[in-house]
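Numbering (the working numbering), first residue to last: 1000 to 1817.
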């Protein structure tokens, strides 16, 4: 058995209860085992009660796994017969307490804390936590009510909308701000348009000069004429319309050719003036963006958010964010009256400032104005994480918080430890991965780039062999994303045929021990996102590679779901024939456009309330008659009743079963659940409108859960692969410059900025550039996670265009291995 190179550090992790400890645990180093063993040591050797301990995880699944493993270890100790009386009682007590122990997520931890405060908690008694559907629906109801409940507010909103801020974008901004624990202050004055009086006079003079000196065909003459025309039209506008006019006005760089001017110096003067006008217009647009931001912030933070909170509190409902905010506020004001003996945190790299503050204040000796100044007694805090695997920034995770807490622990006398022994991946894969990241990441923490993780090479546990375990393929690719993905998929199919179907490689058998031949079910195709996933599925299937059905995030775009939405909308709005036609064309009925045209030609109508039973296309007429019957039940039946009635009437389920389309069948099962749960909660009208919004906006939503195939390739996003491993991993569909969407508002620490069209407030460009750097750093971390999931073999499909810059070349395994 090879020696574990960091065994002494692992022993200290399990046994040291005299320091606060941060453990940096690289990929595949067995951190969960260490967490479990430290928990057992705390219980058995140090006599800690599970009631005085908390172990916080990132996901509920991880909490469940740790709880099961702790139970298994306690039962093993009890059955061993080696414990003395004291230790035996401690183990028995822990088994009794385990089911109610605080091995949970941060939200579960906060929930328990607020419940323990009783009537002293700043939340409604017997509160309930809303799920995402209920929270979204209640938010929209509250937002619409708020916009209509006060005339003065309505006038302020009307100004915003008149200046070019769409209502939907404003609501997106409000939703974003409603998830922020701290919103910076921001103020700006409304910009004046008076400067346009001078502009109009100056432009008129320039136009007169241009008419005298420029050729009629010169672009400069045409440009100054257009500017003068705008100025004249602007002067005639109502003052309330002038801001919007300037906000949308575009002035290009000066035009014209000197050869077309009798006096070229006049053209030079005109171009200089236009450059100055463009700069003045840009300044106005920034000032307008600043003012829009100050208005949006004031309206949302000072008016809507209190209204929204009051609505929730009156109903006794909390969001998941409320759990954390209210817990933090209690701790800020009063501290923790009953502190824990030990708090352990898993996956600490995926935390944020709010969660870190709660953990620190829960242990701090006394409240401080800033949580980083609150001192934690030694031996009370243990956190484990890996900044190289921080990949949940879109959920608010902040790898820089990890670094700040690490500094805090060390400055207060605690210790930071690293474990690097990798038990997952063979050296033939680890060594090139180490070389790639060591060449691109710093060796030590760089305070100027706190979002870039220092790299500590992973040490392979298994000995070197002569096998080729890392295969890098790809190279310059055809232009276009579709062509690139088709090419990649065919490369993948070739490698899988060779390695799995034709001459299967041997892999470790984790269950039985020893080695066995690889199967398709041992293969995972990892991608950074789902875009283009269907291309890989289709090509692999065509090449004879069985692919496990994988649910996407396009639930509300699927034909079977859109068809059901059209069905409900048609029942609710019998005179909106577009909904009726949509349902008829959907797979629920399956008629064609040609059938509808024939129905119309035969005198039929799509108004099912007046449709004759014997006039029009037979299938269409029959379906319309059923709609008429079901419409009469709209106020009597529940949404779930309508769903199952349609399900039994339609041939859709039978067709899908015959095709073995498990993905669509799973989506129908999910829709049945939503019809029951949300339909009963909201009623038919509200459910119908909710589904209509979801479908029209094509909101992202997980598709129905699918059964696990026994022997098929799994296509998995890197985010879902976290904590998992496979004998053979294929990494493909990689794009280094992903553009993240934003709602038009950005907040970073105490800075806030807004963008709307070509309006950019102060700080926007700077924050956008910082965001780009942070996003790129997370893409690199995502690549690290992908490359460290393989247990036996790794295939990397590394494609790039000939025009790729040096950054992409630095991360190209293909170019490094050629």
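In this text, a Cβ means the ideal position worked out from N, Cα and C, and glycines have one as well.
Keep in mind it's a predicted model, so treat the numbers as computed, not measured.
- Between residue 1377 and the set 1384, 1084 and 1364, the nearest pair of CA atoms involves 1364.
- Between the stretch 1526-1540 and the stretch 1646-1657 there are fewer than three inter-stretch CB-CB distances shorter than 8 angstroms, so the stretches are not counted as touching.
- Distances from the alpha-carbon of residue 1424 to those of 1688, 1459 and 1289 put 1459 closest.
- In the DSSP assignment, residue 1724 is bridged to no other residue.
- For residue 1505, the enclosing beta strand (DSSP E) begins and ends at 1505-1507.
- Contact annotation, residue 1316 with residue 1127: C-beta distance approximately 6 angstroms; criterion of less than 8 angstroms satisfied.
- Nearest Cα to residue 1033 within the set 1343, 1724, 1579 and 1786: 1343.
- For residue 1572, the secondary structure class from DSSP, reduced to helix, strand or coil, is coil.
- Under DSSP, residue 1752 forms a beta bridge with 1745.
- Taking a contact as a CB-CB distance under 8 angstroms, the pair residue 1789 and residue 1712 does not count as one, their CB atoms being some 14 angstroms apart.
- The C-beta separation of residue 1219 from residue 1253 comes to about 7 angstroms, placing the pair in contact by the 8 angstroms criterion.
- Here residue 1345 really is in contact with residue 1383; their C-beta atoms are around 6 angstroms apart, less than 8 angstroms.
- The residue among 1204, 1763, 1121 and 1396 with its C-alpha nearest the C-alpha of residue 1057 is 1396.
- Residue pairing from DSSP places residue 1421 in a beta bridge opposite 1459.
- Given a length threshold of 4 residues, each whole run of the alpha helix (DSSP H) inside the stretch 1057-1121 is given here in chain order: 1059-1079, 1084-1096 and 1105-1115.
- Residue burial annotation: residue 1443 is exposed, with fewer than 16 other C-beta atoms found within 10 angstroms of its C-beta.
- Contact check between the stretch 1300-1309 and the stretch 1192-1199: fewer than three CB pairs, one atom from each, fall below 8 angstroms, which does not count as touching.
- Listed in chain order, the non-local C-beta contacts of residue 1046 below 7 angstroms within the same chain comprise 1089, local neighbours out to five positions each way being set aside.
- Put simply, the backbone Cα of residue 1235 is about 15 angstroms away from that of residue 1203.
- Looking at the DSSP output, residue 1729 shares a beta bridge with 1524 and 1794.
- Linking residue 1390 to residue 1784 through their CA atoms gives a straight-line distance of about 9 angstroms.
- As summarised for the stretch 1662-1721, the continuous alpha helix (DSSP H) elements at least 4 residues long and confined to that stretch are 1683-1696 and 1717-1720, given in chain order.
- The alpha-carbon of residue 1582 is positioned some 17 angstroms away from that of residue 1615.
- Residue 1109 is positioned such that its CB atom lies closer than 8 angstroms to that of residue 1357.
- Taken atom to atom, the span from the alpha-carbon of residue 1791 to that of residue 1428 is near 9 angstroms.
- Only residues of its own chain outside the window of five on either side were considered, and among them 1192 and 1233 have a CB closer than 7 angstroms to the CB of residue 1241, listed in chain order.
- Beta-carbon to beta-carbon, residue 1295 and residue 1753 are separated by about 7 angstroms, close enough to satisfy the 8 angstroms threshold.
- Between the alpha carbons of residue 1635 and residue 1628 lies a distance of about 12 angstroms.
- A distance below 7 angstroms between beta-carbons, with the five flanking residues on each side excluded, links residue 1086 to the following residues of its chain, in chain order: 1043.
- In the structure shown, the three-state DSSP call for residue 1403 is helix.
- Counting only the Cα atoms, residue 1303 lies some 19 angstroms from residue 1322.
- Per DSSP, reduced to three states, the secondary structure at residue 1386 is helical.
- The alpha-carbon of residue 1019 is positioned some 14 angstroms away from that of residue 1361.
- Taking the Cα of residue 1286 as reference, the smallest distance to any Cα among 1438, 1076, 1246 and 1260 is reached at 1246.
- Nearest neighbour of residue 1239 by Cα position, chosen from 1157, 1001, 1481 and 1264, turns out to be 1157.
- Exclusion of the five residues before and after residue 1105 leaves 1055 and 1354 as the residues of its chain whose Cβ lies within less than 6 angstroms of its Cβ.
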